[in-house]
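Novice:
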Amino acid sequence: MKITIGSRGSELALWQAHHVRDLLTQHHPGIEVRIEIIHTTGDKILDTSLSIIGGKGVFTKEIESALLANEVDIAVHSLKDLPTILPEGLMLGAVPERANVEDAFLSKDKNVRLMDLPDGATIATGSLRRKAQLLSKRPDFNIVDIRGNVPTRIRKMLESNWDGMVLASAGLERLGLTEHLAHKISTEWVLPAVGQGALGIECRTGDEKTLEILAPLNHQLTLFAVRAERALLASLGGGCQVPIGAHGVIAQDELELSACVAALDGRTVIRGVHTGSTEDPEAIGKELASTLLASGGKEILDEVFRLESQDANVSAHPEA
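Sequential numbering from 1 applies to the sequence shown in the working numbering.
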């Protein structure tokens with residue numbers, strides 16, 4: 001039995017691919033697993049904001065093309081990078097147990113707290129979602145954009161005069177890069193990205209043999225939660241670079257989904273919670289999305305998409 005995993009080449013992506021490989025060999029002794037590194041648009045263009053080059057699929061498109069061409073059998077993604085609408089012929093085959101969903105504040109001084117920083121403090125992040133939610137709490141913050149893999153971002157922080165940086169806790173913990181972690185940020189302060197902390201294993205639709213191999217890797221509670229989160233994101237029309245946060249929590253067969261839509265400047269944040277049965281996670285996500293849109297989220301997202309379109313046009317026609 002052989003299976004080939006398609007993966008990005010970053011340290012974190014390869015950790016994730018090796019983790020899935022280890023899970024496969026644990027559940028299927030004797031299986032032969034090979035990892036194929038595939039370079040994506042998001043890996044090649046590092047000097048432009050993700051919101052400008054196009055957040056949807058920039059870390060997945062090339063891997064999905066290899067999957068559709070039968071060059072690899074499965075693709076391993078950070079689920080937060082995987083668009084909610086997959087290409088025809090592909091499906092989400094498995095979601096292993098989720099890691100920590102919280103964001104983390106990193107600083108050269110591990111004793112400082114994010115919200116206790118002085119006025120005008122400079123914080124680096126590559127996420128509009130984090131930027132908007134941080135500015136809602138601290139409008140005085142100077143937020144700077146940062147790209148690159150996790151070790152590169154940490155190096156840039158250490159070489160800069162920034163007061164700190166915000167990254168996902170899961171990536172830091174998986175890579176053992178917690179030396180400069182000052183503290184984790186409560187989801188009461190900053191809601192995570194849809195699917196944050198979870199892995200998404202993509203495969204070809206109808207590939208029953210591969211689906212059977214992947215079945216033991218599924219973690220049902222994680223799957224329920226991310227199904228609700230992804231349904232919410234799809235209903236809001238957002239991608240991975242839209243200021244939308246969401247977090248599903250399951251207790252006693254009930255799923256509680258918290259979510260927010262935030263204006264880019266942080267001045268307005270629409271936040272809501274919806275609870276329902278795990279029997280239909282998608283319904284919970286769709287209902288909460290409707291509530292957020294009706295509460296002012298539609299106007300916020302319309303403005304975000306308008307500005308995003310403007311930025312994309314300026315990037316495509318810099319002399320205009």
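Ideal placement from N, C-alpha and C gives every residue a C-beta, glycine not left out.
1. Tell me whether the beta-carbon of residue 7 lies closer than 8 Å to the beta-carbon of residue 31.
2. What are the residues that DSSP puts in a beta bridge with residue 103?
3. Out of 82, 99, 151, state which residue places its alpha-carbon closest to the alpha-carbon of residue 91.
4. Cβ atoms of residue 105 and residue 182: under 8 Å apart, would you say?
5. Starting from residue 77, follow the beta strand (DSSP E) in both directions and report where the run begins and ends.
6. Spatial neighbours of residue 227 within its chain, please: CB distance less than 7 Å, with the 5 preceding and 5 following residues excluded, ordered by chain position.
7. Confirm, please, whether the CB-CB distance from residue 101 to residue 192 is below 8 Å.
8. Suppose contacts are defined by Cβ-Cβ distances below 8 Å. Is residue 199 in contact with residue 20 by that definition?
9. Once the 5 residues before and after residue 137 are set aside, which same chain residues still bring their CB inside 7 Å of it?
10. In terms of alpha-carbon separation, which member of 75, 87, 118 lies closest to residue 142?
11. I need the straight-line Cα distance from residue 176 to residue 10, nearest angstrom please.
12. Where does the unbroken alpha helix (DSSP H) through residue 286 begin, and where does it stop?
13. If you draw a straight line from the C-alpha of residue 251 to the C-alpha of residue 264, how long is it?
14. Closer than 8 Å by C-beta to residue 295: which residues in its own chain qualify, once you throw out the five before and the five after it? Chain order, please.
15. Taking the alpha helix (DSSP H) that residue 65 falls in, what are its first and last residues?
16. Is residue 19 helix, strand or coil by DSSP?
17. Given this structure, state the Cα-to-Cα distance separating residue 306 from residue 135, to the nearest angstrom.
18. Which two residues bound the contiguous alpha helix (DSSP H) that contains residue 154?
19. Express the C-alpha separation of residue 261 and residue 268 in angstroms, rounding to a whole number.
20. Counting along the chain, where does the beta strand (DSSP E) carrying residue 255 start and finish?
21. Evaluate residue 120 with the Cβ neighbour count: other Cβ atoms within 10 Å of its Cβ, from every protein chain shown; 16 or more gives buried, anything less gives exposed.
22. Distance, Cα to Cα, residue 98 vs residue 156?
23. Does DSSP put residue 304 in a helix, a strand or coil?
24. Counting along the chain, where does the alpha helix (DSSP H) carrying residue 321 start and finish?
25. Could you round the C-beta distance between residue 194 and residue 246 to whole angstroms and report it? I think they count as a contact, below 8 Å.
26. If you reduce the DSSP assignment to three classes, tell me which class residue 179 lands in.
27. Find out if the Cβ-Cβ distance for the pair residue 259, residue 244 is shorter than 8 Å.
28. Based on Cα-Cα distance, which residue from 128, 173, 124 lies nearest to residue 159?
29. Measure from the alpha carbon of residue 77 to the alpha carbon of each residue in 96, 147, 126, then state which is nearest.
Specialist: The answer reads as follows:
1. Numbered from its first residue, the sequence shown carries residue 7 at position 7. Numbered from its first residue, the sequence shown carries residue 31 at position 31. Against a cut-off of 8 Å, the Cβ pair of residue 31 and residue 7 comes out as no contact.
2. Counting from one through the sequence shown, the residue named residue 103 turns up at place 103. Beta-bridge analysis with DSSP links residue 103 to 168, 185.
3. Position 91 of the sequence shown holds residue 91. Here the closest residue by C-alpha is 82.
4. Along the sequence shown, one-based indexing puts residue 182 at 182. Along the sequence shown, one-based indexing puts residue 105 at 105. Cβ atoms of residue 182 and residue 105: closer than 8 Å.
5. Residue 77 sits at position 77 when you count from the first residue of the sequence shown. Unbroken beta strand (DSSP E) run through residue 77: 74 to 78.
6. Residue 227 sits at position 227 when you count from the first residue of the sequence shown. These residues qualify, in order along the chain: 281, 282.
7. The residue labelled residue 192 in the question sits at position 192 within the sequence shown. The residue labelled residue 101 in the question sits at position 101 within the sequence shown. In this structure, residue 192 lies near residue 101, with their beta-carbon atoms less than 8 Å apart.
8. Taking the sequence shown and counting its residues from 1, one reaches residue 199 at position 199. Taking the sequence shown and counting its residues from 1, one reaches residue 20 at position 20. Cβ distance < 8 Å, so residue 199 and residue 20 count as in contact.
9. Start at 1 with the first residue of the sequence shown, and residue 137 comes out as number 137. Result list for residue 137: 115, 189, in chain order.
10. Counting from one through the sequence shown, the residue named residue 142 turns up at place 142. Of 75, 87, 118, the smallest CA-CA separation from residue 142 is found for 118.
11. Your numbering for residue 176 matches position 176 in the sequence shown. Your numbering for residue 10 matches position 10 in the sequence shown. When rounded, the distance between both Cα atoms is 15 Å.
12. Numbered from 1 along the sequence shown, position 286 holds the residue referred to as residue 286. It spans 281 to 292 - the alpha helix (DSSP H) in which residue 286 sits, taken as one unbroken run.
13. By one-based count along the sequence shown, residue 251 stands at place 251. By one-based count along the sequence shown, residue 264 stands at place 264. Going by the C-alpha atoms only, they are around 33 Å apart.
14. As a first step, residue 295 is located in the sequence shown; it is residue number 295 there, counting from the start. 270, 272.
15. On the sequence shown, residue 65 is found 65 positions in, with the first residue counted as 1. From DSSP, the alpha helix (DSSP H) with residue 65 extends over 61 to 68.
16. Along the sequence shown, read from residue 1 onward, the residue named residue 19 stands at position 19. Residue 19: helix per DSSP, three-state reduction.
17. Counting from one through the sequence shown, the residue named residue 306 turns up at place 306. Counting from one through the sequence shown, the residue named residue 135 turns up at place 135. Residue 306 and residue 135: Cα-Cα distance of roughly 20 Å.
18. Counted from its first residue, the sequence shown places residue 154 at position 154. Looking at the DSSP string, the run of the alpha helix (DSSP H) that includes residue 154 is 150 to 159.
19. Locating residue 268 in the sequence shown gives position 268, counting from the first residue. Locating residue 261 in the sequence shown gives position 261, counting from the first residue. When the Cα atoms are used, residue 268 and residue 261 turn out to be separated by approximately 8 Å.
20. Indexing the sequence shown from 1 puts residue 255 at position 255. 254 to 262 is the span of the beta strand (DSSP E), which, as asked, contains residue 255.
21. Reading the sequence shown from its first residue, position 120 is the one you call residue 120. Residue 120 should be labelled exposed.
22. Residue mapping note: residue 98 aligns to position 98 of the sequence shown, counting from 1. Residue mapping note: residue 156 aligns to position 156 of the sequence shown, counting from 1. The alpha-carbon of residue 98 is positioned some 28 Å away from that of residue 156.
23. As a position in the sequence shown, residue 304 is number 304, starting the count at 1. Reduced to three states, the DSSP call for residue 304 is helix.
24. Any question about residue 321 goes unanswered here, given that the chain covers just 1 to 320.
25. Start at 1 with the first residue of the sequence shown, and residue 194 comes out as number 194. Start at 1 with the first residue of the sequence shown, and residue 246 comes out as number 246. Contact holds; Cβ gap of about 5 Å.
26. Residue mapping note: residue 179 aligns to position 179 of the sequence shown, counting from 1. The three-state reading of DSSP puts residue 179 in coil, since its state is none of H, G, I, E or B.
27. Within the sequence shown, numbered from 1, the residue matching residue 259 stands at position 259. Within the sequence shown, numbered from 1, the residue matching residue 244 stands at position 244. Yes, Cβ-Cβ distance for residue 259 and residue 244 is below 8 Å.
28. Mapped onto the sequence shown, residue 159 falls at position 159. It is 124 whose Cα lies nearest to the Cα of residue 159.
29. Position 77 of the sequence shown holds residue 77. Ranking 96, 147, 126 by Cα distance to residue 77 puts 96 first.
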